[in-house]
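Working notes, structure below.
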Amino acid sequence: MVVEQGSDLAVDAVVMAPGGTTGWHTHPGPEVIVVRSGVLTFRRFDGITCQTEKVSTGQAFVGAAAHQLHAADNEGSEPVDFIASFFDVPHGGATRSDANPPPGGCHGTLPSPPGPGIAGPAHGGGGGPSPSGR
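Below, the structure is given as structure tokens:
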């Protein structure tokens, strides 16, 4: 991953309560997430389809690409503790921009990446928008 000259890296430690959500949003650059405990449900929309994956304790993954619409939720009964690193943040700029959910919602789940380690962006599966509003 290449970081643009003249930009910052921002790191945020988050503990999300059961039922919590980040809401739909984008970032100026890509993000990498490490789940320290719990299960994080991560949804990304590429403008056509929506992909959902569940990421568990000890797993790291590339979340969303620059300006890609996405959201993360805690659908479990225990808190989710994760660290998010945001690349290519303009000096003094915001790490995120709130956004509306994708048209028709977002539904579908991909299998979790295998075991602890680093997973790349999700490919295939996921399904398209659904009327569920998720």
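Number 858 in our numbering belongs to position 86 of the sequence shown; there are no gaps in the numbering. Built from N, CA and C at the ideal position, the CB exists for glycine as well.
Short Cβ contact (7 Å threshold) for S779 with D853: Stepping through the sequence shown from its first residue, residue 779 is reached at position 7. Stepping through the sequence shown from its first residue, residue 853 is reached at position 81. No, the pair does not count as a contact, with Cβ atoms beyond the cut-off.
Distance between beta carbons of A866 and L841, contact taken as under 8 Å: Within the sequence shown, numbered from 1, the residue matching residue 841 stands at position 69. Within the sequence shown, numbered from 1, the residue matching residue 866 stands at position 94. That pair is no contact at about 16 Å.
C-beta atoms of T829 and V807 nearer than 7 Å: In the sequence shown, residue 829 corresponds to position 57, counting from 1. In the sequence shown, residue 807 corresponds to position 35, counting from 1. Closer than 7 Å, so yes.
Minimum C-alpha distance to G795 - residue among N846, P862 and I820: Position 23 of the sequence shown, counting from 1, holds the residue named residue 795. The option with the nearest alpha carbon to G795 is N846.
Boundaries of the beta strand (DSSP E) in which S907 is found, first to last residue: With the chain covering only 773 through 906, there is no way to say anything about residue 907.
For V783, three-class secondary structure by DSSP: As a first step, residue 783 is located in the sequence shown; it is residue number 11 there, counting from the start. Note: V783 maps to strand in three-state DSSP.
Chain-order list of residues whose beta-carbon lies under 6 Å from that of G835 (same chain, five-residue window excluded): The residue labelled residue 835 in the question sits at position 63 within the sequence shown. Excluding positions up to five away in sequence, the list reads E803 and I805.
Rounded C-alpha distance that separates T813 from P851: For the purposes of this step, residue 813 is taken as residue 41 along the sequence shown, with counting starting at 1. For the purposes of this step, residue 851 is taken as residue 79 along the sequence shown, with counting starting at 1. Distance between the alpha carbons of T813 and P851: 12 Å.
Own chain residues within Cβ distance below 7 Å of A785, not counting five before or after: For this step, residue 785 is matched to residue 13 along the sequence shown. Around A785: I855.
Buried or exposed by the 16-neighbour rule on C-beta atoms within 10 Å, applied to A789: On the sequence shown, residue 789 is found 17 positions in, with the first residue counted as 1. By the neighbour-count rule (16 or more Cβ atoms within 10 Å), A789 is not buried but exposed.
DSSP beta-bridge partners of R816: As a first step, residue 816 is located in the sequence shown; it is residue number 44 there, counting from the start. Note: R816 sits in a beta bridge opposite Q823 and H842.
Member of H797, G791, G848 and L781 whose CA lies at the smallest distance from the CA of R815: Taking the sequence shown and counting its residues from 1, one reaches residue 815 at position 43. Ranking H797, G791, G848 and L781 by Cα distance to R815 puts H797 first.
Continuous beta strand (DSSP E) stretch holding R808: start and end: Residue 808 sits at position 36 when you count from the first residue of the sequence shown. Residues E803 to S809.
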